[in-house]
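K.L.:
Numbering (our numbering), first residue to last: 33 to 626.
The beta-carbon is built from N, C-alpha and C at its ideal position, and this holds for glycine as well.
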Amino acid sequence: MGQSIVDIKNMGDAFRNTGYKNIESAVSEIIDNSVEANAKNIFIILSESINKKSGRKVVSEIAFLDDGDGMDTYNLAKCLGIGSTTRQSRKGMGRFGVGLPQASLYACPAVTVYSWQNGIENCKKVYLDIDKVKEGEQTEIEDPQYTELPSKYASYILYRTLEENYDFSCSGTLVVWEKCDRVTPKTRGPLTERLEFSIGQKFRYFISRNITQIKIICDENQEAAVNVYPNDPLFLMEKNYILGNQKKPEEVYVKQSSSELEPFFELYTGDGTGTGEVEIPVKYYDRNGDIAESKVIVRFSIVKAKFYDETAFPTKNPGNGLFGKKYASKMEGISIIRANREIDFRKFDFYRNVNEPQHRWWGCEIIFEPELDEAFGVANNKQYVELKEIEEEDIDFEEEVQPMWLQLKEVITPTISAMYKKNEETRKSTRSFDDVKTPATDIINIVENDENEEEEENTSVNIPEEEAIETGRRELEEQGFEQATDEQIRTFLNNAINFNYEDRGERSPAFDYKFVLSTTVITINTSHKFYASFLSRIYGNKDVKTTFELFLASLIQSIKKTNIYQLPQNDKLINMWYSKLNSYIEEQLEPRNI
33 MGQSIVDIKN MGDAFRNTGY KNIESAVSEI IDNSVEANAK NIFIILSESI
83 NKKSGRKVVS EIAFLDDGDG MDTYNLAKCL GIGSTTRQSR KGMGRFGVGL
133 PQASLYACPA VTVYSWQNGI ENCKKVYLDI DKVKEGEQTE IEDPQYTELP
183 SKYASYILYR TLEENYDFSC SGTLVVWEKC DRVTPKTRGP LTERLEFSIG
233 QKFRYFISRN ITQIKIICDE NQEAAVNVYP NDPLFLMEKN YILGNQKKPE
283 EVYVKQSSSE LEPFFELYTG DGTGTGEVEI PVKYYDRNGD IAESKVIVRF
333 SIVKAKFYDE TAFPTKNPGN GLFGKKYASK MEGISIIRAN REIDFRKFDF
383 YRNVNEPQHR WWGCEIIFEP ELDEAFGVAN NKQYVELKEI EEEDIDFEEE
433 VQPMWLQLKE VITPTISAMY KKNEETRKST RSFDDVKTPA TDIINIVEND
483 ENEEEEENTS VNIPEEEAIE TGRRELEEQG FEQATDEQIR TFLNNAINFN
533 YEDRGERSPA FDYKFVLSTT VITINTSHKF YASFLSRIYG NKDVKTTFEL
583 FLASLIQSIK KTNIYQLPQN DKLINMWYSK LNSYIEEQLE PRNI
């Protein structure tokens, strides 16, 4: 008697370790199925329970409800079988036949699928419980059985909010992940944020074109539901997760829309890109092994000057602003779009990034249709593509069909280089190093040098020069000075005081300081009320600005000299000063009627 090809009892752990990157990728697989079924609305419903070990509320069940076409009995019976599929077409997002069970088992050991056509009264279900499979209790996917939805999910079939009425009763599918044990983050708030950001990016074209709308709901706290916005890494979409305002270029507007708001980036139309898009003809081997031709669309975007140049950020590097730090830095890379859905986002060896923040300020996406899956090396779970640099010695230039990376490189790499250079010109090297030497620093250096000579005090830090230079370089890069020379770094370290103007957020102190080797860095928070309401108004007068910097430096230098023997008292004094200043400024700006 022959042996079974697959020992199903011992395959439970293998089925659960199927290589998904994270919970967002597994969730996206289920959304793929809903989109493929022509769903107009998709609900992701999170349910919480108390974790017995930690005592905290954690997400223990995730359900997906859609109003798509639903599945007939034949397809429902096959949907949880590993490798079973009826979608072999290369025109849609589906094809591989492992998505639903594979993604579900990544997150949990048990999944139940309900689906209905021609009315909710025709609902049927199937289930897969890998723990029961391992124990021999479940040996097959049973035939679909007529059933009612669990009461808690039945309440969503006709769902109403202040803005929308939802009706899932005609046709649809409900997928329930039970006993979730691989959900990270585990708590509802952080998980919702992660899902919202990632799903908005992956399905941005479906959402922005109103093909499909996605909502994330916590079953126990439905008032906290969020609608997923498009999250465009090219920052081009008119309705997007974040937008900017030309009048306030340092601010970011999250999930808002008005006539004053606009995308941060625009299509890059220089250096042969014309309209911002390049159509690249490519060759590939089709399913029969014959040489065929197709096309790949590459789209480029670049930051608008009004959100990047020195008129927008006159006192600091735009990378230190809220948009640069929190959003542009997360979206650095190249987006791969297959059938309107993002399946990968990385550098793909098309450019080198050795700690160069300027690469945050352009965008690129590569768009292709499923007929090119093999040419791009699309994984069966649609999580990544095999697109990487080919070493010259590994290239057979006589081959008529070259690797896809090579066919795209001649357009993408030089265009990225051109956008990078344009941004350097727009920003004029981001910050001028002349800013390090100011009238105030010159005055302070003269006085401090005289005092040190009188006191015969050696305040230098005895570390090797090479180490000191590297420390100074890291500090200057953090402040937004790119590619500082060793001589400039020495100038920075030899200054008794260096001033840094940076957006630290409204809740951070108006001023802060730190000691870097022999110098002191004083940071003025440009988003604090003291700066916005006072300093920004008087700084037009250079003498006034210098006088205020001297005032601030005198306090900090006094603290530095007494820190040796009263560090705790100094910390307490400064914190009290911060608090008093905040209270006084708030009273000045918003006086109480007493």
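Output the distance between the C-alpha atoms of R536 and I239, rounded to the nearest integer angstrom.
P.N.:
Answer to the nearest angstrom: the Cα atoms are 33 Å apart.
K.L.:
Less than 8 Å between the C-beta atoms of P496 and T578, yes or no?
P.N.:
no
K.L.:
Ignoring anything shorter than 3 residues, give me the beta strand (DSSP E) runs that lie fully in the segment 82-114, in order along the chain.
P.N.:
89-98
K.L.:
Is the beta carbon of K184 closer than 8 Å to that of D99?
P.N.:
no
K.L.:
By a C-beta neighbour count over all protein chains shown, 10 Å radius and 16 as the cutoff for buried, is N385 buried or exposed?
P.N.:
exposed
K.L.:
Distance check for K279 and P541, CA to CA, integer angstroms please.
P.N.:
25 Å
K.L.:
Return the chain-ordered ranges of every beta strand (DSSP E) run that is complete within the segment 133-190 and spans a minimum of 3 residues.
P.N.:
142-148, 156-161
K.L.:
Between T503 and P600, what straight-line distance do the alpha-carbon atoms span, to the nearest angstrom?
P.N.:
26 Å
K.L.:
Based on Cα-Cα distance, which residue from F583, E442, I76, L419 lies nearest to A257?
P.N.:
I76
K.L.:
Note down the Cα distance separating E534 from H560, rounded to an integer number of angstroms.
P.N.:
10 Å
K.L.:
What is the DSSP secondary structure of G129, counted as helix, strand or coil?
P.N.:
Low per-residue confidence applies at G129: pLDDT is 38, beneath 50, and the placement is therefore not dependable enough to give any value.
K.L.:
CB-CB under 8 Å to E486, same chain, minus the five flanking residues each way: which ones, in chain order?
P.N.:
Per-residue confidence for E486 stands at a pLDDT of 48, beneath the threshold of 50, marking its modelled position as unreliable; the derived number appears in the next sentence. Once the five neighbours on either side are set aside, E486 has no close Cβ partner at all.
K.L.:
As a quick exercise: from I334, E431, A324, V576, pick the residue whose alpha carbon is nearest that of T305.
P.N.:
I334
K.L.:
Alpha carbon to alpha carbon, what distance is there between Q245 and N54?
P.N.:
22 Å
K.L.:
If we ignore side chains and look at the alpha-carbon of each, how far apart do F382 and Q415 end up?
P.N.:
So the alpha carbons of these two residues sit roughly 19 Å apart.
K.L.:
What are the start and end residues of each continuous beta strand (DSSP E) run of 3 or more residues lying completely inside the segment 356-397, in chain order?
P.N.:
366-370, 373-378
K.L.:
Nearest-angstrom Cα distance between S611 and E618?
P.N.:
Here the alpha carbon of S611 sits roughly 11 Å from the alpha carbon of E618.
K.L.:
Look up G351 in the DSSP assignment and say whether it is helix, strand or coil.
P.N.:
helix
K.L.:
Can you give me the C-alpha to C-alpha distance between F297 and P402, rounded to a whole angstrom?
P.N.:
28 Å
K.L.:
Drop a sphere of 10 angstroms on the beta-carbon of T555, count the other beta-carbons inside from all chains shown, and report buried for 16 or more, exposed for fewer.
P.N.:
buried
K.L.:
Going by C-alpha to C-alpha distance, which of F400, R214, L419, I375 sits closest to N412?
P.N.:
By alpha-carbon distance to N412, the top candidate from F400, R214, L419, I375 is I375.
K.L.:
Output yes or no for whether 8 Å exceeds the beta carbon distance between A337 and V208.
P.N.:
no
K.L.:
Output yes or no for whether 8 Å exceeds the beta carbon distance between R220 and V328.
P.N.:
no
K.L.:
Report yes if the CB atom of K156 is closer than 8 Å to the CB atom of T205, and no otherwise.
P.N.:
Going by C-beta atoms, K156 is not nearer than 8 Å to T205.
K.L.:
Between R569, L508, E255, which has its C-alpha nearest E195's C-alpha?
P.N.:
E255
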